[in-house]
Amino acid sequence: MTVFLMRPFVLLPSAHCRALCGQPRLRRLPGSGPAAAGSVPCPGFPEPREEAPFVCSATIAFLCLFLLRGGGGAAGPRAGLGASARGGCRCCVPQFPCPEGGPWAPAPSWAGRGRPQCGSCPGGSPGSATPATGVPQAAGTAQPPAMEATASLLDAAAVGDLVMLDPLSEEALLRTLQERFSREEIYTYIGEVVISVNPYKPLPIYTPEKVEEYHDCNFFAVKPHIYAIADDAYCSLRDRDQDQCILITGESGAGKTEASKLVMSYVAAVSSKGEEVDKVKEQLLQSNPVLEAFGNAKTIRNDNSSRFGKYMDVEFDFKGDPLGGVISNYLLEKSRIVHHVKGERNFHIFYQLLAGGSAQLLQKLKLRPDCSHYGYLNREKSVLPGMDDAANFRAMQDAMAIIGFTPAEVTALLEVTAVVLKLGNVELSSCFQASGMEASSIAEPQELQEISQLVGLDPSTLEQALCSRTVKVRDESVLTALSVSQGYYCRDALAKNIYSRLFDWLVDRINTSIRVKPGEQRKVMGVLDIYGFEIFQDNGFEQFIINYCNEKLQQIFILMTLKEEQEEYVREGIQWTPVEFFDNSIICDLIENSKVGILAMLDEECLRPGTVNEDTFITKLNQIFASHKHYESKETLNAKHVTDISLPLRCFRIHHYAGKVTYNVTGFIEKNNDLLFRDLSQAMWAAQHTLLRSLFPEGDPQRPSLKLPPTTGSQFKASVATLMKNLYTKNPNYIRCIKPNDTKTAMLFTPDLVLAQVRYLGLMENVRVRRAGYAFRQLYQPFLKRYKMLSSRTWPHWMGNDREGTEVLLAELQFPPEELAYGHTKIFIRSPQTLFDLEKRRQQRVAELATLIQATFRGWRCRKQYQQMRKSQILISAWFRGHAQRNRYKQMKRSVLLLQAYARGWKTRRMYRRYFRSNARMRLSNFIYRRMVSSDGISASPPPRGCAQGPGPPFVPPAQVQKYLIGLRNNLPPMAVLDRTWPPAPYKFLSDANQELKGIFYLWKCKKYREQLSPQQRAVLQAKLCASELFKDKKALYAHSLQQPFRGEYLGLTQNRKYQKLQAVAKDKLVMAEAVQKVNRANGKKVPRLLLLTTEHLVLADPKAAQPKLVLSLSDIRGASVSRFSDGLLALHLKETSAAGGKGDLLLVSPHLIELVTRLHQTLMDATAQALPLSIVDQYAGPRAWPTWAFPEGAWAGGGVATAQGVSGRAGWNRAAHWAG
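Counting with the numbering used here, you get residues 15 to 1235 for the letters of the sequence shown.
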């Protein structure tokens, strides 16, 4: 390990590796020399020791990793139990498992758990990203990317948790919701309550990647999301065996139904996989389309509004796998069956059935596919933009099949639905009896007969039940005729009861399929999707009981929240501070008191003999609640001498927790009674339709009952009591849905409308309850880990326990004592401003420490770079010195060899003069001259001086050669490629050179010609060249093809629409298309075909139908054969393993044979890098097994020799040529 001395600087630990970009700010040791320019002292620490530490690269890397994971505070204020066991953030930069990344935004943690996540990550704390501020970088220094800081909960304009609002007011809360909504952040927290604002458009935040991001995460470590509360509830159920319930509230159009589906889909996605588990999950999810079809409708506020309350208990085993569930429904809006205002629609199922039902189904149900034909649909066509009723009907049928409905049950269900729809078309006419009393009768019996046929009922029985009523007087029964208005009331009451009971049967049938077998131990997660608080211009009986339900839900929220707060204070040993809040139990008692409550008075008025109407009911309420501070009416205000013109006579007002609501008592008694005459029940019992008959058990004449059915109010009160009892046994989780505008416009925020819903939902009350006492609390260990850098006594390591370290840290920061409380395991901070101050100080400290790490790292990097440069310089010097010495050695060797040569020459000449005769020099000169003169040419040089001309050719001076070359340059032939002229050689000895220059010039001229060609001309020339290589001097037809240009496309595919679809068969680039003739292997007859050659296929098609007959892959062709004659015959040899190879080879007659074979050869070369095996033969050979002249693979034999079993090759070719025409 390389160790280097780090004398001038001290390495101090930090929490971030590169959070901020800034100049190096170093702390210089005493005695290390003057401080460098730009260096600043590091505050908050005592002077280090004089000894200079030794720090290695591994130490720096380890220290950075340590600081990022622990020293810098692995958990934010919301992290609870601290960093995850998996180590750091799962989405930060890959080099460092940074658990923070950017400054954390504080938020309260009521049950600290999980791990934090950095603000710069995609799943970080909520808000928009803001860059971290720091000291500017010096020019020319490399800057790694700065970690982005999340505009988090510290940003009051976009605070992710409303508990941290400071100051707390309706205006601040509304401004925060609007700011987050404008950033497409539709989810906000109030502690562990999720607020969801409907964006009215799809957002990319529900992808499988998001599901994985929120799976097993800390609730407060990621952006606010509905997946976070779903995961928190699921993990609590799976890991801590706590039954959970998720309460989703909000007014119509706020997105409650979509929220419940998102919760269910998330739980299904994160639970285990398996065939049985997947089946259960699919059944639970598919219950939504069925219930939406029968229970949802378009309203003015919402295109898919749930017109019933739904509570689903999903049951899980000990592993967290879903086993099944139970669905409960509350208060279906059955009045919508007979009446809905203009601009709204009836229940979806009617429109889906008419739009998506087949002709046979509608004929069986005796329906017409026209909405304007039916009275209960307001006789108007209703098409919803963006909603496909036919597709939804098919989806509903598929969902029923998955749940387990049999075809007979589906048919029966649709038949009863058709009966309800057709009842609206039953028209009554007025008539008079003999006594002069008004009566009613069926005006058009056709609809009545069709209804009777559907349910197997006598039409007269149904007519009598609709137009008359049996009244029992003592022991006698009297049949009383009904007026037209009374008859219509009976008809509508029957339709409402049939549909309401059918919906109850549908829920029970779904429960039968998804219910868990008894005896199995299971955990339960409940999902409640119910109406939110409603305040309309005219509020009736429905709004009264809906608001009563919301009062009960608000009551359970307050009680369970305060209970949780109180338990935590007691558990931590903190003195409990009473919380002031509005206790709405007085309002609940005003409504539900069994003796003097409004519902009890309504039931009493409904059962009272004599004349009963709303006037007597409001009078009784005024008498009983005259002094009640949450009840008002015109009479009670007049008694107090208070004038309120906004309160009509037949109305009363209740002061709910969300505001004052005025109720009109008109219709209270009728809707509470919800009576159905016994004649109608008995008529339905008399029907042969099994399902319809089972819906009216009270119509059985064998079991008559004189007991009045329970009223709607008492039924709903009992259901709410059961629901509240169920919810009290579970840990609640809340989703509050808000509608941002009334026009369903995407991303439009209407402050006044949202503010009204904030009051309806009691969000301010929620925040106040959450902020009661101490707004923030966290375990000591993660708190100390995050903020210990703020004190020199706790940084970098605290050796004591976590509580003592927290006390030392906060004591040094000098916060007021009343702001802090120390529990057994947690630190409690009263106001958000204290936490903001803590976070601000931490951000400043992080910037200082990050700058120090940057400076230390730059120093280490420069030293490593210097060492590398020094090693490189030594290596280069060594190589250079070696190279110089080698060059010097080579020079010395050359000099020595030259000296040796001169020495040897001198020595030889001396010996020659000593031993040879005087004429030896002449003989030697002549010998050398003869060797230098060529045997048949001219001497390249004159004879030596003083020597006679030898017997060889005469010597020619170089001036003649120069003259020849200059003359040739000035008389070059034209640049035309076809011009082969060339000047003759002026001397015989230059003939060979002249011919060589002629060839070189012609090749150069051809090269210049090719460079001028376009890519298309070059391709044609290449094809011609390829054809020359294949066929020149080998096939007689080649000479005729020289003057013919290769066009490639001879069919006119672009002009002929009939042929255009042929090219789509091969799905690749077209190379050649022409008309050929295929020779039949059986009888030798020719059949016209269209041939298409593409880059990968060869297609033969019928020219009449323009349909492909044969599609060959080029890899299936193993060779081709042609004759040497001028025919167009071509045999394609196919591989035996190919699909068409089993039938033998192909024999084709082509008018452009040369071009076809050439392009086939080029295409194969491009596709497979292998040439086409081409045989050009003049004889034919074939086994005796081919009497019908079929040409399978291997039919052509080369070498000009026919086999013993064959026929003369030329005769065979002639006969084939005769076939080819």
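Glycine included, every Cβ here is placed at the ideal spot set by N, Cα and C.
Quick check: the Cα distance between residue i and residue j, rounded to an integer number of angstroms?
i	j	result
C231	I200	20 Å
V1090	L1114	9 Å
L337	G533	12 Å
E579	D617	39 Å
A479	E358	31 Å
L1067	M1086	11 Å
A1185	C1040	11 Å
V656	N553	23 Å
A770	L188	10 Å
D472	Q551	45 Å
F195	A457	57 Å
C563	M738	10 Å
T676	E548	11 Å
V910	R900	15 Å
I632	N686	15 Å
K648	S660	9 Å
R585	A835	13 Å
I465	N525	29 Å
I1014	M989	13 Å
L1106	L1065	9 Å
I243	I209	11 Å
For residue i, does the three-state DSSP call read helix, strand or coil?
i	result
Q1091	strand
E556	helix
N302	helix
P662	coil
Q792	strand
H838	coil
L616	helix
Y583	helix
F361	strand
Y677	strand
N985	coil
I1190	strand
P1102	strand
E114	Residue placement at E114 cannot be trusted, given a pLDDT of 34 that sits under 50; the coordinates are not used to answer.
R622	coil
Since residue i and residue j should fall inside the 8 Å C-beta cutoff, what is the C-beta to C-beta distance between them, to a whole number of angstroms?
i	j	result
A268	C751	4 Å
T1182	S1127	Not a contact, Cβ separation roughly 11 Å.
I668	L567	That pair is no contact at about 16 Å.
The ligand ATP and residue i: does any heavy atom of the ligand fall closer than 7 Å to the residue's C-beta?
i	result
S1164	Ligands displayed in this structure: none; no statement on the ligand ATP is therefore possible.
Mark residue i as exposed unless 16 or more other C-beta atoms lie within 10 angstroms of its C-beta, in which case mark it buried.
i	result
M615	buried
A697	buried
W1236	Any question about residue 1236 goes unanswered here, given that the chain covers just 15 to 1235.
F571	buried
L368	buried
V492	exposed
L217	exposed
Q258	buried
F596	exposed
H838	exposed
C385	buried
Mind listing, in chain order, the continuous alpha helix (DSSP H) runs of no fewer than 4 residues lying wholly within the stretch 238 to 265? Runs of the alpha helix (DSSP H) inside the stretch 238 to 265: 240 to 254.
Within the stretch 1105 to 1160, ranges of the beta strand (DSSP E) (whole runs, at least 3 residues): 1111 to 1116, 1121 to 1127, 1131 to 1137 and 1143 to 1148
4-residue-minimum alpha helix (DSSP H) runs that sit fully inside the stretch 486 to 539, ordered along the chain: 498 to 528
Quick one: which unbroken beta strand (DSSP E) runs of 3-plus residues sit fully inside the stretch 710 to 790? Chain order, please. Listed in chain order, they are 745 to 752.
Which ranges would you report for the alpha helix (DSSP H) in the stretch 320 to 363 if only whole runs of at least 4 residues count? none
Which parts of the stretch 381 to 466 are runs of the alpha helix (DSSP H), unbroken and 4 residues or longer, counting only runs that do not cross its ends? 403 to 417 and 421 to 437
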